[in-house]
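Q: So that we are looking at the same thing, I have put the structure below in structure tokens.
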Amino acid sequence: MKEALTSLLDQAMKALIAKEQVPEVPDLVPQIDHTKDPSHGDLATNLAMVLAKKARMAPRDLAAMIIDALPANDFVAKTEIAGPGFINFFLNQSSHVEVIRSILANGSEFGNSNKGGGRRAQVEFVSANPTGPLHVGHGRGAAIGDSLARLLVATGWSVHREFYYNDAGQQIVNLARSVQARAQGLTPEDSDWPEDGYRGTYITDLATAYQNKITVSAADRTITALGDIDNLDAIRDFAVAWLRREQDLDLKAFGVRFDEYFLESALYESGEVNDTVSALESAGHTYEQEGALWLRTSDFGDDKDRVMRKKDGEYTYFVPDVAYHLNKWQRGFERVINEQGADHHSTITRVRAGLQGLGKDIPAGWPEYVLHQMVTVMRDGAEVKLSKRAGSYVTLRDLIEWVGRDATRFFLAARSASSQLTFDIDLALAQSNENPVFYIQYAHARVCSVKRKALTEGADWTADAGLDHLNTLTTAEELALALLLAKFPEVVANAAQRLEPHDIANYLREVAAAFHGLYNAHKLVDADNKSQSLARISLAEATRQVIENGLNLLGVSAPESM
RNA sequence: CCGCUCGUAGCACAACCGGAUAGUGCAACGGCCUUCUAAGCCGUAGGUUGCAGGUUCGAAUCCUGCCGGGCGGGCCA
Numbered sequence: 002m003k004e005a006l007t008s009l010l011d012q013a014m015k016a017l018i019a020k021e022q023v024p025e026v027p028d029l030v031p032q033i034d035h036t037k038d039p040s041h042g043d044l045a046t047n048l049a050m051v052l053a054k055k056a057r058m059a060p061r062d063l064a065a066m067i068i069d070a071l072p073a074n075d076f077v078a079k080t081e082i083a084g085p086g087f088i089n090f091f092l093n094q095s096s097h098v099e100v101i102r103s104i105l106a107n108g109s110e111f112g113n114s115n116k117g118g119g120r121r122a123q124v125e126f127v128s129a130n131p132t133g134p135l136h137v138g139h140g141r142g143a144a145i146g147d148s149l150a151r152l153l154v155a156t157g158w159s160v161h162r163e164f165y166y167n168d169a170g171q172q173i174v175n176l177a178r179s180v181q182a183r184a185q186g187l188t189p190e191d192s193d194w195p196e197d198g199y200r201g202t203y204i205t206d207l208a209t210a211y212q213n214k215i216t217v218s219a220a221d222r223t224i225t226a227l228g229d230i231d232n233l234d235a236i237r238d239f240a241v242a243w244l245r246r247e248q249d250l251d252l253k254a255f256g257v258r259f260d261e262y263f264l265e266s267a268l269y270e271s272g273e274v275n276d277t278v279s280a281l282e283s284a285g286h287t288y289e290q291e292g293a294l295w296l297r298t299s300d301f302g303d304d305k306d307r308v309m310r311k312k313d314g315e316y317t318y319f320v321p322d323v324a325y326h327l328n329k330w331q332r333g334f335e336r337v338i339n340e341q342g343a344d345h346h347s348t349i350t351r352v353r354a355g356l357q358g359l360g361k362d363i364p365a366g367w368p369e370y371v372l373h374q375m376v377t378v379m380r381d382g383a384e385v386k387l388s389k390r391a392g393s394y395v396t397l398r399d400l401i402e403w404v405g406r407d408a409t410r411f412f413l414a415a416r417s418a419s420s421q422l423t424f425d426i427d428l429a430l431a432q433s434n435e436n437p438v439f440y441i442q443y444a445h446a447r448v449c450s451v452k453r454k455a456l457t458e459g460a461d462w463t464a465d466a467g468l469d470h471l472n473t474l475t476t477a478e479e480l481a482l483a484l485l486l487a488k489f490p491e492v493v494a495n496a497a498q499r500l501e502p503h504d505i506a507n508y509l510r511e512v513a514a515a516f517h518g519l520y521n522a523h524k525l526v527d528a529d530n531k532s533q534s535l536a537r538i539s540l541a542e543a544t545r546q547v548i549e550n551g552l553n554l555l556g557v558s559a560p561e562s563m
């Protein structure tokens with residue numbers, strides 16, 4: 002509909018330019034928007050206002066001229082000039098309801114588009130190190146990252162989901178020592194407890210499992226414990242597998258899956274880390290100073306240079322990150338989106354600088370980043386600190402157990418990643434029935450209930466049958482809902498473009514509200530008015546389909562009854 | 001001290017990246033179930049969009065400066 006209107010305005014402008022009534026402005030980008038207020042029509046454009054200065058005319062006079070130049074068409078019922086110079090378009094009845102036909106025909110595909118054209122994109126998210134259970138921050142990353150992946154799929158990208166983790170660093174050593182200490186009967190209160198050791202109770206479970214020679218399988222590895230508490234390497238391997246399995250269980254319960262688990266250690270084993278450093282050295286972007294090797298990141302927008310190789314010969318953390326992203330580039334991903342916590346923002350400049358320094362013609366803005374701000378967890382009116390080492394943080398599993406998978410996913414994905422989020426456990430517990438996700442799911446379940454009711458009137462009381470009676474949909478509630486449903490493809494495309502899954506959540510709330518309003522204002526299934534009922538069933542089914550498709554983008558279920 | 005980021009109703013958050021009267025949920029108050037699911041609907045109340053300037057037809061949105069929160073700025077990851 003928007004496209005048709007754009008075309009109309011385009012033709013009008015061409016005609017006016019041909020008659021030299023307005024000047025040609027090459028980079029003019031007028032907006033055509035859905036209106037907030039129905040009295041402003043269905044769609045509106047600011048064309049006359051953005052053109053007014055160049056045309057040296059009053060916006061309202063210009064608007065009148067544009068309206069006169071609009072070609073004849075069969076979907077605009079009325080145009081109006083309003084406010085400072087908006088042109089408001091009122092669509093006719095059939096233009097409003099035509100979308101129902103399209104939704105029913107396209108089903109679960111409705112809303113999808115093909116901007117990606119099958120090109121390859123990667124979303125890397127969660128990427129938690131296997132040193133403890135997933136916490137709430139990982140949960141936010143999982144919810145947002147998974148939705149991003151779904152949005153990219155819906156807009157035509159071929160998406161690869163990747164989980165990157167370090168299975169060999171100092172933190173893993175701390176983990177192994179902690180488990181060993183537990184197996185030896187020590188507790189974090191003992192003076193012999195390892196410095197920087199992990200204190201959570203899961204360490205105790207791990208030690209017990211190791212001593213019982215348990216076999217564990219994670220998505221990317223399987224291992225049987227040796228039970229020998231003096232063998233630190235064996236403890237480490239088992240601990241990593243055990244925690245990977247724990248994380249897998251959480252992610253599975255959360256409805257999140259990955260195509261690949263990528264190990265940082267692989268980059269060292271393959272020599273890619275050394276190769277990356279050599280490449281940067283021979284490209285002339287490095288220098289030695291005070292016994293360390295530095296990268297001139299300041300040549301690429303950083304505020305100062307960074308150490309790559311420490312005095313002791315070890316690499317700093319961002320060096321494998323650069324090697325990793327070179328690896329991603331060589332795998333052929335046109336887009337890579339990294340979803341991480343905002344505490345990693347300083348790595349963005351370094352990784353991009355390293356990639357630029359390699360001289361591989363990698364675009365300056367590659368990879369892309371979506372950073373989510375911190376999740377603050379409140380309980381009993383006090384903040385619960387998120388700290389792996391303290392072992393007292395709230396886990397993703399806790400949240401799922403308390404408020405359910407759907408509510409947790411929705412809550413964590415329904416807010417802009419750039420805003421800090423307060424997850425009040427007491428509130429979520431006390432008001433679990435009032436959670437916004439239920440409002441949307443309830444609308445979906447209601448439609449299903451309406452359809453069940455309709456079938457009791459007769460086997461031919463179906464949504465498809467209603468397509469022949471769409472002209473009976475004339476009330477304000479019906480037309481407004483239909484227009485809102487027509488926006489869905491645009492909302493999906495826009496959310497994917499902006500990498501903002503929460504747009505979907507907000508949109509769905511609007512759709513649910515419009516449907517609940519219609520439901521209360523009008524009887525949908527009325528035995529005495531069959532044609533109108535059938536049309537309303539079509540509209541309800543179209544609404545259901547859009548809600549299902551939208552919830553699916555968020556990884557939230559669409560129940561048929563509640 | 002420097003960088004990034006956020007600041008919107010009592011609380012938690014939106015506002016289609018510059019549009020018309022700043023919205024939604026919770027909390028508060030008043031109504032609506034002999035009728036398709038009341039986990040719903042309708043109504044009332046609640047705001048100097050942190051502060052001060054600037055840009056323009058038009059600013060919560062862009063720019064500058066201040067104030068406040070968060071995260072970074074380690075040869076820690």
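Counted the way the numbering used here counts, the first sequence spans residues 2 to 563.
Just so it is clear, CB atoms sit at the ideal spot from N, CA and C, and this is done for glycine as well.
(1) So is PHE259 buried or exposed if we call it buried at 16+ other beta carbons inside 10 Å?
(2) In this structure, how does DSSP classify TRP158 when only helix, strand and coil are distinguished?
(3) When burial is assigned at 16 or more other CB atoms within 10 Å of the CB, is ARG1 buried or exposed?
(4) Please name the residue, chosen from GLU402, GLN331 and VAL404, that lies closest to PRO368 on a Cα-to-Cα basis.
(5) Check whether the Cβ atoms of ARG510 and TYR440 sit closer than 8 Å, and answer yes or no.
(6) Take LYS79 and list the residues in its own chain whose beta-carbon comes closer than 7 Å to its own, dropping the five residues that flank it on each side.
(7) Buried or exposed: which applies to GLN546, given that a residue is buried once 16 or more other Cβ atoms fall within 10 Å of its Cβ?
(8) Can you list, in chain order, the residues of its chain with a C-beta nearer than 7 Å to that of ALA16? Leave out the 5 residues immediately preceding and following it.
(9) Using the Cα positions of THR423 and THR377, report the straight-line distance between them to the nearest angstrom.
(10) Determine the burial state of ASN339: buried for a count of at least 16 other Cβ atoms within 10 Å of its Cβ, exposed for fewer.
(11) Does the Cβ of ASN167 have 16 or more other Cβ atoms within 10 Å, making it buried, or fewer, making it exposed?
(12) Could you please give the first and the last residue of the uninterrupted beta strand (DSSP E) stretch that includes TYR318?
(13) Return the first residue and the last residue of the alpha helix (DSSP H) that ILE68 is part of.
(14) Looking at the strands, I want to know which residues DSSP matches up with THR205.
(15) Taking DSSP as the reference, what is the three-state secondary structure of SER114?
(16) Report the CB separation of ALA506 from ALA414 in whole angstroms; it is logged as a contact under 8 Å.
(17) What is the C-beta distance between HIS523 and THR457, in whole angstroms, given that I count them as a contact (C-beta under 8 Å)?
(18) Report the partner residues of GLU340 according to the DSSP bridge assignment.
(19) So, do the region 201-221 and the region 231-242 have three or more beta carbon pairs nearer to each other than 8 Å?
(20) Using only CA atoms, which one of PHE111, ALA169 and TYR370 lies nearest to LEU552?
(21) How would you label LYS1, buried or exposed, when you count the other beta carbons within 10 angstroms and need 16 or more for buried?
(22) Could you give the DSSP three-state label for VAL395: helix, strand or coil?
(23) Provide the residue span of the beta strand (DSSP E) that contains TYR199, from first to last.
(24) How long is the line joining the alpha carbons of SER218 and LYS253, rounded to whole angstroms?
(25) Per the contact definition of three or more C-beta pairs closer than 8 Å, is the region 144-160 in contact with the region 193-208?
(26) To the nearest angstrom, how far is it from the Cα of LEU152 to the Cα of HIS35?
(27) Look at the alpha carbon of ARG310 and the alpha carbon of ARG141, and state the distance between them as a whole number of angstroms.
(28) By DSSP, does LYS37 sit in helix, in strand, or in coil?
(29) Output the residue ranges of the alpha helix (DSSP H) runs that lie fully inside the region 457-534 and measure 4 residues or longer, sorted by chain position.
(30) Identify whether PHE239 lies in helix, strand or coil by the three-state DSSP scheme.
(31) Do you know whose CA, among ALA284, SER179, GLU561 and THR7, lies nearest CYS449's CA?
(32) With DSSP as the reference, please indicate the residues paired to THR46 in a beta bridge.
(33) What's the C-alpha gap between SER347 and ALA543?
(34) If you reduce the DSSP assignment to three classes, tell me which class PHE126 lands in.
(35) Would LEU268 and LEU281 qualify as a contact pair, given that the criterion is a beta-carbon distance under 8 Å?
(36) What is the DSSP secondary structure of THR12, reduced to helix, strand or coil?
A: This is what the structure gives:
(1) On the first sequence, residue 259 is found 258 positions in, with the first residue counted as 1. Buried, by the Cβ-count rule.
(2) One-based indexing of the first sequence puts residue 158 at position 157. Here DSSP, grouped into helix, strand and coil, assigns TRP158 to coil.
(3) Nothing can be reported for residue 1, as the shown portion of the chain is limited to 2 through 563.
(4) Taking the first residue of the first sequence as 1, we reach residue 368 at position 367. Nearest C-alpha to PRO368: GLN331.
(5) Within the first sequence, the letter at position 509 stands for residue 510. Within the first sequence, the letter at position 439 stands for residue 440. Yes, these two residues count as a Cβ contact at 8 Å.
(6) Taking the first sequence and counting its residues from 1, one reaches residue 79 at position 78. PHE91.
(7) Numbered from 1 along the first sequence, position 545 holds the residue referred to as residue 546. Looking at its Cβ environment, which holds 16 or more other Cβ atoms inside 10 Å, GLN546 is buried.
(8) The residue you call residue 16 lines up with position 15 of the first sequence. Around ALA16: ALA70.
(9) Working through the first sequence from its first residue, we reach residue 423 at position 422. Working through the first sequence from its first residue, we reach residue 377 at position 376. Their backbone Cα atoms lie some 5 Å apart in a straight line.
(10) Your numbering for residue 339 matches position 338 in the first sequence. Under this definition ASN339 is a buried residue.
(11) If you number the first sequence from 1, residue 167 lands on position 166. Burial call: buried.
(12) On the first sequence, residue 318 is found 317 positions in, with the first residue counted as 1. Run containing TYR318: none; DSSP gives neither H nor E here.
(13) Indexing the first sequence from 1 puts residue 68 at position 67. Per DSSP, ILE68 belongs to the alpha helix (DSSP H) from 60-70.
(14) As a first step, residue 205 is located in the first sequence; it is residue number 204 there, counting from the start. Answer is none; THR205 lacks a bridge partner.
(15) In the first sequence, counting from the first residue as 1, residue 114 sits at position 113. Correct three-state label for SER114: coil.
(16) The sequence position of residue 506 within the first sequence is 505, counting from 1. The sequence position of residue 414 within the first sequence is 413, counting from 1. That pair is a contact at about 6 Å.
(17) The residue labelled residue 523 in the question sits at position 522 within the first sequence. The residue labelled residue 457 in the question sits at position 456 within the first sequence. In fact, because the Cβ distance is near 19 Å, the residues do not count as touching under 8 Å.
(18) Counted from its first residue, the first sequence places residue 340 at position 339. The partner list for GLU340 (beta bridge, DSSP) reads VAL371.
(19) yes
(20) One-based indexing of the first sequence puts residue 552 at position 551. Closest option to LEU552, Cα to Cα, is PHE111.
(21) A query on residue 1 cannot be resolved here, the shown segment of the chain reaching from 2 to 563 and no further.
(22) If you number the first sequence from 1, residue 395 lands on position 394. Looking at VAL395 - three-state DSSP - the assignment turns out to be coil, as it is neither helix nor strand.
(23) For the purposes of this step, residue 199 is identified with residue 198 of the first sequence, where counting begins at 1. Counting along the chain, TYR199 falls outside any beta strand (DSSP E), and DSSP gives it neither H nor E.
(24) Taking the first sequence and counting its residues from 1, the one referred to as residue 218 is at position 217. Taking the first sequence and counting its residues from 1, the one referred to as residue 253 is at position 252. Those two C-alpha atoms are separated by around 14 Å.
(25) no
(26) Here the question's residue 152 lines up with position 151 in the first sequence. Here the question's residue 35 lines up with position 34 in the first sequence. Cα to Cα, the separation comes out at about 22 Å.
(27) Sequence index remark: in the first sequence, residue 310 carries index 309 (1-based). Sequence index remark: in the first sequence, residue 141 carries index 140 (1-based). About 33 Å.
(28) The sequence position of residue 37 within the first sequence is 36, counting from 1. LYS37 falls in the coil class under three-state DSSP.
(29) 464-467, 477-487, 489-499 and 503-522
(30) Along the first sequence, read from residue 1 onward, the residue named residue 239 stands at position 238. If DSSP states are grouped into helix, strand and coil, PHE239 belongs with the helices.
(31) Taking the first sequence and counting its residues from 1, the one referred to as residue 449 is at position 448. Among ALA284, SER179, GLU561 and THR7, the Cα nearest to that of CYS449 belongs to GLU561.
(32) Indexing the first sequence from 1 puts residue 46 at position 45. ILE33 and ILE88.
(33) What you label residue 347 is simply residue 346 of the first sequence in a count that begins at 1. What you label residue 543 is simply residue 542 of the first sequence in a count that begins at 1. Each residue's Cα considered, the two are about 45 Å apart.
(34) Within the first sequence, numbered from 1, the residue matching residue 126 stands at position 125. Note: PHE126 maps to coil in three-state DSSP.
(35) Numbered from its first residue, the first sequence carries residue 268 at position 267. Numbered from its first residue, the first sequence carries residue 281 at position 280. Taking 8 Å as the cut-off, the beta carbon of LEU268 is found no closer than this to the beta carbon of LEU281.
(36) On the first sequence, position 11 is the one that residue 12 refers to. The sequence given here places Gln at residue 12; Thr does not occur at that position. DSSP places GLN12 in helix when its eight states are reduced to three.
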